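To convert, note that position 47 of the sequence shown is 47 in full-length UniProt numbering; the numbers rise steadily by one, no gaps. We put the CB at the ideal spot given by N, CA and C, even for glycine. Remember, predicted model here, so these are calculated numbers, not experimental data.
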Amino acid sequence: MNGLRHRPGRLVAVLLTVVALVAGAACSSGDDGGSGEAATTTTEAAGPTSTTEADAPLEPEEVGSAEELYAVPDPIPDVDHGTLLRYQEITPSLTDGATTYRVMYTSESLAGDPIVVTGTVVLPTGPAPEEGRTTLALAHGTTGIADECAPSRAEGGRELALAGPAAERGWITTSTDYEGLGTPGRHPYLVGESEGRSVVDSVLAAGMLPGADQGDQLAVAGYSQGGHGALWAGEVAPDWAPDMEVVGTFAGAPATEVDVILQAAPRLPQAGFAYMIVAGIAAAYPEAEPDQILTPEGVSRLDAVDEGCAREIFAAVAGVPASDLVRPDGPSTEPWPELARAQNPGQVVTEAPILIIHSAQDETVPVALSGILYGRMCEEGQVVERRVLPEGSHVGAAPEAYRQGLAWLFDLAEGGSPTDGCPAA
């Protein structure tokens, strides 16, 4: 949810009202709280290629153009998830003393189907330590849902620059585009398992680049949507990449509590965020029909998510009250509440510690949302610290959040001990 400001005062007020209602219900109950079908994507499939057997080694292919990089193999090779298929050097590199690559690698959808995902990798050129290079997996913030919104199409996006200190320390940095951004299929926006798999598979793929010399230490970071994705990557990694050791996860202004955001949708000043959430959940779960939650007018406008990036999505519904697009009882119609709650991180405990950093003045993702997340994590027994910055807008607070988050990860990677901010039981 980066860089979008649309009547922030009213947006925050509505979300805070819903937060209060959710918190009250939790205290009283003791509970922790176009068409609607996925549109055709703009990514073209490549010509037929021979199928690769799962037990046959597959050498990644270096390509010379973005057109070759993004061409989807047909069929997708029958290989393990996280297999690097193609890479293209980006010149000049985003970071001095490193080589930057666009990459395409394999992953797996929630339905169990093989998919390809694209992203960016920054690989230091200096000698690797004896134990191999640590990898920083960066999960990016909201850019949109259409293929053209993939950060790798813009040399990795602005957030990758904030991770520059990692490359300076000799760390590999990966930045996935996520499933469906840059490749076929609608992007499952804020669907946690999908984000987590894409992030972790980018790490496995980066280790296959020439000269990677990757070690087993993995640090995870992200801001906004990326904070949500980073938390999910930390939860997914132990099973998805058991040979990697997660040292910690930093989540800045995480766009969490998806059920709370969705419950507020009919009362928000505009429906842009709700549209992306509805499109994302429907893309991942066939049982989630958009017409269960959107009005007929809302359904007719849903294809806007495939026709531009975040700003264009907001522009497409500008001036139309969310109540005209979202049914008043839609967010309470199953399976939507259950599926939305399922996207909230912090429902399982990870061995690796977590740091949440959030500005008290965030006008896009209210700080109260990470407060709910933090409370849930503490109740579950997670080692977690939450820092609330006194000032800074959603976008404006990102550099300081990254500065503190990376310093925390660097310390953990060198054997430092995390702070558990939860009150003693």
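Exposure of residue 403 is indicated by the presence of fewer than 16 other C-beta atoms within 10 angstroms of its C-beta.
Residue 164 and residue 380 have their C-alpha atoms spaced approximately 34 angstroms apart.
Close CB contacts of residue 81 within its chain, under the 6 angstroms cut and outside five residues either way in sequence, are with 106, 107, 108, 201 (chain order). With fewer than 16 other Cβ atoms from the protein chains shown falling within 10 Å of its own Cβ, residue 67 counts as exposed. Counted as a single uninterrupted DSSP element, the beta strand (DSSP E) harbouring residue 137 occupies residues 133-139. About 6 angstroms separates the Cβ atoms of residue 322 and residue 266, confirming a contact at the 8 angstroms cut-off. The beta-carbon distance between residue 221 and residue 415, rounded to whole angstroms, is 19 angstroms. This is too long to meet the 8 angstroms contact definition. Assignment of beta-bridge partners to residue 218 by DSSP yields 135, 246. Shown here, residue 260 sits in a helix according to DSSP, grouped into three states. If you look at residue 70, you'll find it in the alpha helix (DSSP H) that goes 66-70. Rounded to the nearest whole angstrom, the CA to CA distance from residue 227 to residue 254 is 4 angstroms.
Scanning 295, 148, 237 for the CA closest to the CA of residue 329 turns up 295.
Rounded to the nearest angstrom, the gap between the Cα atoms of residue 291 and residue 245 is 43 angstroms. Judged by DSSP in its simplified three-state form, residue 124 adopts strand.
In terms of Cα proximity to residue 62, the closest of 360, 102, 239, 358 is 102. Under the 10 Å beta carbon count, residue 366 is surrounded by 16 or more other beta carbons and is classified as buried. Beta-bridge analysis with DSSP links residue 87 to 62, 103. One Cα belongs to residue 369, the other to residue 256, and the distance between them is close to 7 angstroms. Annotation for residue 172: the continuous beta strand (DSSP E) segment containing it runs 172-176. The region 198-212 and the region 141-148 do not touch, with fewer than 3 CB-CB distances between them shorter than 8 angstroms. Looking at the DSSP output, residue 118 shares a beta bridge with 104.
Scanning its chain for C-beta atoms nearer than 7 angstroms, with the 5 sequence neighbours on each side dropped, one finds around residue 297 the residues 324, 325, in chain order. Here residue 235 is buried. Its C-beta has 16 or more other C-beta atoms within 10 Å. Put simply, the backbone Cα of residue 233 is about 9 angstroms away from that of residue 139. For the region 310-339, the continuous alpha helix (DSSP H) assignments of 4+ residues that do not extend past its boundaries occur at 310-316, 322-325, in sequence order. DSSP places residue 160 in the uninterrupted alpha helix (DSSP H) bounded by 159-162. About 5 angstroms separates the beta carbons of residue 331 and residue 262, which is inside the 8 angstroms limit, making them a contact pair. With the rule of 3 Cβ pairs closer than 8 angstroms, the region 306-313 does not count as touching the region 343-357.
The three-state reading of DSSP puts residue 130 in coil, since its state is none of H, G, I, E or B. For residue 411, the closest of 217, 110, 70 by C-alpha to C-alpha distance is 217. For residue 226, the three-state secondary structure derived from DSSP is helix.
When only Cα atoms are considered, residue 124 and residue 168 end up about 8 angstroms apart. In the displayed model, residue 78 falls within coil according to three-state DSSP, outside both helix and strand. Closest option to residue 302, judged by alpha-carbon separation, among 408, 349, 274: 274. A straight-line Cα-Cα distance of about 29 angstroms links residue 401 and residue 315. Using a Cβ distance threshold of 8 angstroms, residue 176 and residue 117 count as a contacting pair.
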